[in-house]
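Residue numbers (the working numbering): 6 to 489. Every residue gets a Cβ at the ideal spot worked out from N, C-alpha and C, and that includes glycine. If you're wondering where the values come from, they're calculated on a predicted model, not measured in any experiment. Inspection log for the structure reproduced underneath, given as structure tokens.
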Amino acid sequence: MKMKKLFTGAVIGAAAVMALSACGAKKDEGKSAKDGVVELNWYLVGPPVKDLGEVNKELNNYIGEKYKVNVKMNQIDFSDYDQKMMTMINSGEKVDMMFTTYWQLNYAQNARKGIFANLTEMMDDYPELKGMLKEDVLKASEVDGKLYGVPQRTLEKAGGRFICFNKELVDKYKIDVSKVDSVQTLAPVLREVKEKVDFAPWYMAKAEPMTSFDYLAQPLGVEVGTGNPEKIVNRYETEEYKKDIETIAKLREEGMINSDSLTLEGLSGMGARIGNKWFATYWTMTPMDQSIVEEQVGGKVIVNEVKNSAILKSVAYCMVAVGENSDHKKEAMTFLQALNTDQKIANLLRYGIEGKHYTLENGKVKFTDEHKNYDIPGYNFPYDQTKTLQRADAGDDVLKIAAEYNESVINSPALGFSYDSTNTASEIAQMTNVLEEYFHTVGTGSKGAMETLETMNKKLKAAGLDTVQKDMQKQYDEWRAKQK
6 MKMKKLFTGA
16 VIGAAAVMAL
26 SACGAKKDEG
36 KSAKDGVVEL
46 NWYLVGPPVK
56 DLGEVNKELN
66 NYIGEKYKVN
76 VKMNQIDFSD
86 YDQKMMTMIN
96 SGEKVDMMFT
106 TYWQLNYAQN
116 ARKGIFANLT
126 EMMDDYPELK
136 GMLKEDVLKA
146 SEVDGKLYGV
156 PQRTLEKAGG
166 RFICFNKELV
176 DKYKIDVSKV
186 DSVQTLAPVL
196 REVKEKVDFA
206 PWYMAKAEPM
216 TSFDYLAQPL
226 GVEVGTGNPE
236 KIVNRYETEE
246 YKKDIETIAK
256 LREEGMINSD
266 SLTLEGLSGM
276 GARIGNKWFA
286 TYWTMTPMDQ
296 SIVEEQVGGK
306 VIVNEVKNSA
316 ILKSVAYCMV
326 AVGENSDHKK
336 EAMTFLQALN
346 TDQKIANLLR
356 YGIEGKHYTL
366 ENGKVKFTDE
376 HKNYDIPGYN
386 FPYDQTKTLQ
396 RADAGDDVLK
406 IAAEYNESVI
416 NSPALGFSYD
426 STNTASEIAQ
436 MTNVLEEYFH
446 TVGTGSKGAM
456 ETLETMNKKL
466 KAAGLDTVQK
476 DMQKQYDEWR
486 AKQK
């Protein structure tokens, strides 16, 4: 994945057999009315999976009769998604539904460009869908006061950073991890463990430290839980960030971190790669995702939420947008309402085909070996465990856990604000180039990390950071004044 996509995704890939197979603009005109069933195209992100076509066929067999729509699911890998989607859109191809977020097919920027349909008033015509979405989540999904996509998070408000510990080793060595919630509190525990094992205890991939921040245009944004909520700052100049990088760099020098972290794209499947040779790692998740993490690491885990990490950000995490050029906006919304409310659709898209990709064990999902052929990134779909079957390896108290977690979520001070980068697009592009060159060396504490951090910040300024920061602060001040 490219640098600006800092969060880990799930992921076993196969050949890109489905990417970009939807009909073009001219063909779209003729595919509406067979037996009163409208065909929609839908673009998903992530490594294409082998059995997507089979699942798509099962989906259409069900929704064609019940909802009078069919859907053509097209999956495009992370690295190609933005370019291929923009090529289609700019050439005039009709796009009915597409994945968008702040790190892929940028939601706010493309909403302002008129690529996504304004759904604000349309939502009133789909009360079941609107009623599922929490008010704060809807606010986080607005761009200039309007809604341009359907948020994928319905049960929990936000994902956070969690430190995951290898439960087998915690129990074996009687390590107290109860108070570990940051890089600083993790460090002494890692040193204690290193005396007992012959491997690097912290298994790390390309990512950033566990501090709380709401990026409005990387590296600029507002601190959450610390700092001045009224000020736009460069995260990489904050004292908290510098302290964490210094600690991570020391831990690396001491052999506490895996040597391949700078080239490791993600943590998915780490259990198959390294077995039990890890003690701590960290994921972007919610407490309800613990069983998913355990599947990836190959064993039981203990999870601790990073301090102030559960943030309802200024821009929603994952969305499905309806194309402004779509001829079937109403039908797309009909499908999106069904996607969020119909348990049969939710189970099929999240887990695959019963009897092939999973079986039921006491009414819960148990994956088969064939699941590897439909291991699709989950953030393409809504995730509400009250609307899907639960996994056999998950607990029975999902609603209680979700309610408690939602109470812990911190609203970003910038919730509802989205930066309009029209006047600073060139500077932001140059800053992105700088970050792509230096960021992961810094974030993984690789050799010379502190010197590289200083160089990166200097080059960010040379790329126009001060100009962007001034413009962002002005817009943020104006927005805050309207909130009072």
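Item: Simplified DSSP state of D476, which is helix, strand or coil; Value: helix
Item: Check: D56 C-beta below 6 Å from any heavy atom of the ligand SAM; Value: No copy of the ligand SAM occurs in the structure displayed, which carries no ligand at all.
Item: Straight-line gap, P193 to Q157 (C-alpha atoms, nearest Å); Value: 38 Å
Item: Under 7 Å between C-beta atoms of L465 and V439; Value: yes
Item: N309 beta carbon less than 7 Å from that of D186; Value: yes
Item: Beta-carbon proximity list for D181, same chain, < 6 Å, skipping 5 on both sides; Value: none
Item: Simplified DSSP state of Q80, which is helix, strand or coil; Value: strand
Item: C-beta atoms of V302 and K172 nearer than 7 Å; Value: no
Item: Simplified DSSP state of V100, which is helix, strand or coil; Value: coil
Item: C-beta contact flag for V155 and Q109 at 7 Å; Value: no
Item: Three-state secondary structure (DSSP) of C28; Value: Here C28 scores only 39 on pLDDT, less than 50, and its place in the model should not be relied on; the value that follows carries that caveat. Residue state, collapsed to three classes: coil.
Item: E59 in three-state terms, based on DSSP; Value: helix
Item: Alpha helix (DSSP H) segment containing A454, residue limits; Value: A454 to A467
Item: Own chain residues within Cβ distance below 6 Å of E375, not counting five before or after; Value: K361 and H362
Item: Cutoff 6 Å; reference E34; Cβ partners in own chain excluding five residues on either side; Value: Low confidence applies here, because E34 scores a pLDDT of 42, under 50, leaving its location unreliable; read the following figure in that light. Correct list: empty, nothing qualifies.
Item: Inter-stretch contact (C-beta, 8 Å, three-pair minimum) for the stretch 338-357 and the stretch 58-75; Value: yes
Item: Where L404 falls, given that 16 or more other Cβ within 10 Å makes a residue buried; Value: exposed
Item: Beta strand (DSSP E) segments (min. 3 residues) lying fully within the stretch 318-385; Value: 323-327, 363-366 and 369-372
Item: Cβ shell of Y131 (< 7 Å), same chain only, five flanking positions each side left out; Value: M338 and Q342
Item: T92 classed as buried or exposed, judged by whether at least 16 other C-beta atoms fall within 10 angstroms; Value: exposed
Item: Where M209 falls: helix, strand or coil (DSSP); Value: coil
Item: One or two residues paired with K151 in a DSSP bridge; Value: V148
Item: Runs of beta strand (DSSP E) lying entirely within the stretch 212-280, each at least 3 residues, in chain order; Value: 218-222 and 225-228
Item: Beta-carbon separation (whole angstroms), L458 vs I250, contact threshold 8 Å; Value: 6 Å
Item: Distance between beta carbons of N61 and M78, contact taken as under 8 Å; Value: 5 Å
Item: Beta-bridge pairing of M290 - partner residues as DSSP gives them; Value: G165
Item: Spatial distance of E270 from A210 (CA atoms); Value: 6 Å
Item: Exposure of L365, with buried meaning 16 or more beta-carbon neighbours within 10 Å; Value: exposed
Item: From L221, Y246 and E245, residue whose alpha carbon lies closest to that of I237; Value: L221
Item: Where the alpha helix (DSSP H) through N438 begins and ends; Value: A430 to G448
Item: Whole-number beta carbon distance between Y356 and V54, since they are thought to touch under 8 Å; Value: 13 Å between Cβ atoms; not a contact.
Item: First through last residue of the alpha helix (DSSP H) which encompasses E310; Value: It is not in any alpha helix (DSSP H) - E310 instead sits in the beta strand (DSSP E) that spans V306 to E310.
Item: Pair within 7 Å by beta-carbon distance, E432 and V473; Value: yes
Item: Same chain, Cβ closer than 7 Å to K369, neighbours up to 5 away in sequence not counted; Value: L394, Q395, R396 and A397
Item: Alpha-carbon to alpha-carbon, A351 and F218; Value: 32 Å
Item: Among G136, D141, N115 and K135, nearest to A419 - alpha-carbon criterion; Value: D141
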